[in-house]
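Asker: Take a look at the following structure, please.
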Amino acid sequence: MQRYFIDNKTAQVDERIEMDKEATHHMLNVMRMQIGDQVILVTQTEQVFIGELIGNEEKKAILRLVDYRVENKEIPIDTTLFVGLPKGDKLEFIVQKATELGARQIVPVSMRYSVTKWDQKKAGKKIARLQKIAKEAAEQSHRTFVPIIEDLHSVSMVKNRLSDFNQVCIAYEEIAKEGEKSNLAQTYATLKPTDKIAFITGPEGGIHPDEIASLTEDLNHVHLCGLGPRILRTETAPLYLLSTLSFATELLGWN
């Protein structure tokens with residue numbers, strides 16, 4: 367059943383919902399929905415309802431909420447992904463797949479080795495496009511939450527936020543080359559359901575040693591993590607981290 371996120375903060379059964387222009391187009395022109403057809407609607411507070419199409423007034427799809435559903439689709443750990451700006455359209459790919467894998471916040475980061483440089487005048491449009499990609503991916507993967515795509519950060523801005531997390535893992539290829547293979551598992555072993563975790567990955571070329579030093583200085587909960595013996599591409603590392611977190615907290619019966 368097709369899923370749509372709606373702007374309502376909360377809702378209740380029997381309430382009428384007027385869909386926005388984009389959702390209306392998708393329902394009526396792409397999905398070719400007819401009166402009586404049903405979809406899943408999700409509010410901003412992660413309530414899930416069955417909505418039934420009851421009308422098309424002034425080219426707007428009108429639905430009635432006919433049932434409430436209880437769903438548990440989200441990773442039990444609040445996860446933020448800090449991504450060093452990659453080249454080309456790789457960030458769009460990362461946002462799409464990270465959404466499917468359960469990230470709640472995705473933050474682009476300008477790092478020393480970042481080849482891509484964002485024009486501040488165009489940054490807003492880039493973020494808006496990434497947010498749209500996240501919404502579409504959240505609908506496709508049947509999530510109850512659309513990840514928040516935050517504004518471009520510097521490394522110093524990331525540093526100032528690390529105290530907000532219980533655990534932080536930095537994917538660092540140099541420590542992987544040295545054979546480090548336990549920090550990630552040990553970090554997961556300490557997590558509790560109310561914790562927040564952050565992953566930091568670099569752009570092509572990795573994270574500069576000076577940036578590593580800044581991010582880890584005087585912070586015992588920040589860990590340099592090897593991701594196995596192979597060197598992963600910039601678009602692969604964040605997805606590896608999210609996949610292992612899902613495996614550790616969902617498939618192993620952790621919660």
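First residue of the sequence shown? That's 367 in my numbering, and the numbers climb one at a time after it.
From the three backbone atoms N, C-alpha and C, an ideal C-beta is built for every residue, glycine too.
Given the structure is predicted, the values throughout are model-derived calculations rather than measurements.
1) Name the DSSP beta bridge partners of S480, please?
2) What are the boundary residues of the alpha helix (DSSP H) that includes Y434?
3) I need the straight-line Cα distance from A537 to G421, nearest angstrom please.
4) Could you please give the first and the last residue of the uninterrupted beta strand (DSSP E) stretch that includes Y370?
5) Of all the options V534, I597, D433 and V481, which has the alpha carbon lying nearest to the alpha carbon of N549?
6) Where DSSP assigns a beta bridge to Q404, which residues make up the other side?
7) Given a cut-off of 8 Å, decide if E570 and T600 are closer than it, judged by their beta-carbon atoms.
8) Taking the straight line between their C-alpha atoms, what separation do you get for K487 and Q400?
9) Thinking just about the alpha-carbon of each residue, which of E412, V396 and M393 is nearest to the one in D373?
10) Under a Cβ-count criterion, where at least 16 other Cβ atoms within 10 Å of its own Cβ denotes burial, should S529 be classed as buried or exposed?
11) Considering only C-alpha positions, which residue in the set A500, E381 and A494 is nearest to Y434?
12) Threshold first: 3 residues or longer. Then list the beta strand (DSSP E) segments lying entirely within the segment 541-575, N to C.
13) Taking V479 as the reference, give the member of K501, I460, V449 and E466 with the closest Cα.
14) Hey, could you find the ends of the beta strand (DSSP E) V534 is sitting in?
15) Note down the Cα distance separating K483 from I493, rounded to an integer number of angstroms.
16) Just verifying my parser: in three-state terms, what is the DSSP assignment at F448?
17) Would A489 and D517 be called neighbours here (beta carbons separated by less than 8 Å)?
18) Less than 8 Å between the CB atoms is what I'm expecting for E384 and I428, so what's the real figure, rounded?
19) In this structure, how does DSSP classify P513 when only helix, strand and coil are distinguished?
20) To which residues does DSSP link H392 through a beta bridge?
21) What are the boundary residues of the alpha helix (DSSP H) that V461 is part of?
22) Near V432, what residues of its chain come up, given a Cβ to Cβ distance below 6 Å and the 5 sequence neighbours on each side ignored?
23) Going by C-alpha distance, which of I515, F565 and K426 is nearest H587?
24) With distances taken from CA atoms, which of A579, V524, F511 and P595 is nearest K543?
Answerer: Let me spell this out:
1) BP columns for S480 are empty, so no partner.
2) Counting along the chain, Y434 falls outside any alpha helix (DSSP H), though it belongs to the beta strand (DSSP E) covering K426 to R435.
3) 51 Å
4) R369 to F371
5) V534
6) E418
7) yes
8) 43 Å
9) E412
10) exposed
11) E381
12) 562-567
13) Checking the sequence shown, residue 479 turns out to be Tyr, not Val. If we check each option's Cα against that of Y479, V449 comes out closest.
14) Q533 to A537
15) 14 Å
16) strand
17) yes
18) 6 Å
19) coil
20) In the DSSP output, where bridge partners are listed per residue, H392 has none listed.
21) K456 to L467
22) I416 and E418
23) F565
24) P595
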